[in-house]
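K.L.:
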Amino acid sequence: MNLTFIFFGILGILAIGSGIVTISSKNPVTSAISLVFLFFMLAGLYLVLQAQFIAVIQVLVYAGAIMVLVIFVIMLLNLGDEEKMKEKFNTRKGAGFLLGAILLMQLAVVFMAQPFGVKKASASLNQGTIEFIGKELFSNYLFPFEAISLLLLAAIVGAIILAKRKID
Amino acid sequence: METIPLEYFLGISAILFIIGVIGVVTRRNAIIIFMSIEIMLNAVNLTFVAFSRYMNDPAGQIFVFFVMTVAAAEAAVGLAIVLSLFRNKQTVYVDEVNIMKW
């Protein structure tokens, strides 16, 4: 029971807890804030996995950019609380929890089965650094990198077209 | 690091994915459905990073990078759709939007 393990446990429990708050809260702003919290916890888990670059990008892109966009839209739409769900057990909720139970059962079966047999490989501590990721990205993964920039351009144009008041 | 088995990370990731699925199916607010999709993407990212670490292969972290980019693009387009939906129908509750249903 060393320090890393305790750190991992706290991060994991907080991540799952804030995920549950995100989907169960009636107020969209509460959901958004607990989602930001979840993103920070995941960044901590990436640090436990020694993926420093991904951890920083997680905070910058998810907790920074994407959640600002979401909170901005919530503010713009001025949403109130979600109106009271019907008291009776509706089909949507039933279907949701059934699906969740099936997935959980699958998870349990996988965990009961043989271990994955993935041994931790000899540690190379620099694998998560910006230098290493950058070298990989600009040598072996150059074409996907360029393709993803096209996707981003298309998304920017699409977002502007969709959010424009009227297409003239 | 040496003491945490890979299965623990996969477990957290799977539980987060299940939370996301339940959120998508049970909630009616389009923005919260959207956030649930983000939770699922993040669960998959955690799996990628964990496998990348334990198999000593950087491809997993590169993939996470690309997944994040796609998530950013999806956020921009998805929120623009929610915005224009609200402008046209004055609602973000998905069961009040049934123009594609006949």
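Chains as they are written, first to last, in the numbering used here: chain L, 1 to 168; chain C, 169 to 270.
All C-beta atoms, glycine included, are put in the ideal place defined by N, C-alpha and C.
A quick note: this is a predicted structure, and the numbers were derived from the prediction, not measured.
(1) Checking 8 Å against the spacing of the C-beta atoms, do alanine 51 of chain L and glycine 128 of chain L come in under that value?
(2) Would you identify the three-state DSSP class for tyrosine 222 of chain C, choosing helix, strand or coil?
(3) With distance defined between alpha-carbon atoms, name the residue in L:Leu152, L:Leu99, L:Ile102, L:Leu107 nearest to phenylalanine 177 of chain C.
(4) Pair every Cβ in the stretch 214-225 of chain C with every Cβ in the stretch 141-150 of chain L, then say whether three or more of these pairs are closer than 8 Å.
(5) Indicate whether valine 245 of chain C and alanine 155 of chain L have their beta-carbon atoms separated by less than 8 Å.
(6) Based on Cα-Cα distance, which residue from C:Gly188, C:Phe185, C:Arg196 lies nearest to glutamate 264 of chain C?
(7) Nearest to isoleucine 71 of chain L by alpha carbon, out of L:Leu35, L:Ile160, L:Val109, L:Ser25?
(8) Determine, using beta carbons only, whether methionine 203 of chain C comes closer than 8 Å to chain L.
(9) Mapping the DSSP letters down to three states, classify tyrosine 141 of chain L as helix, strand or coil.
(10) Report the option in L:Leu76, L:Thr91, L:Lys93 whose CA atom is closest to the CA atom of leucine 253 of chain C.
(11) For threonine 237 of chain C, would you say it is in contact with chain L, using Cβ-to-Cβ distances shorter than 8 Å as the test?
(12) In the DSSP output, what is leucine 261 of chain C paired with across the bridge?
(13) Report the rounded CA-to-CA distance for isoleucine 183 of chain C versus valine 192 of chain C, giving the unit in angstroms.
(14) Taking buried to mean at least 16 other C-beta atoms within 10 Å of its own C-beta, is glycine 96 of chain L buried or exposed?
(15) Shortest alpha-carbon distance to leucine 151 of chain L belongs to which of C:Ile187, C:Met236, C:Arg221?
(16) Would you call serine 181 of chain C buried or exposed, if buried means 16 or more other Cβ atoms sit within 10 Å of its Cβ?
(17) Where do the ends of the alpha helix (DSSP H) carrying threonine 22 of chain L lie?
(18) Taking the continuous alpha helix (DSSP H) assigned at proline 173 of chain C, which residues delimit it?
(19) Would you say threonine 215 of chain C faces chain L, with C-beta separation under 8 Å as the test?
P.N.:
Taking the geometry as given:
(1) The beta carbons of alanine 51 of chain L and glycine 128 of chain L sit closer together than 8 Å.
(2) helix
(3) L:Leu107
(4) no
(5) yes
(6) C:Arg196
(7) L:Leu35
(8) yes
(9) coil
(10) L:Leu76
(11) yes
(12) The question names leucine, yet the displayed sequence has tyrosine at residue 261 of chain C. C:Asn197.
(13) 14 Å
(14) buried
(15) Of C:Ile187, C:Met236, C:Arg221, the residue nearest in Cα terms is C:Met236.
(16) buried
(17) 3-24
(18) Segment: none, proline 173 of chain C is in no alpha helix (DSSP H) and carries neither H nor E.
(19) no
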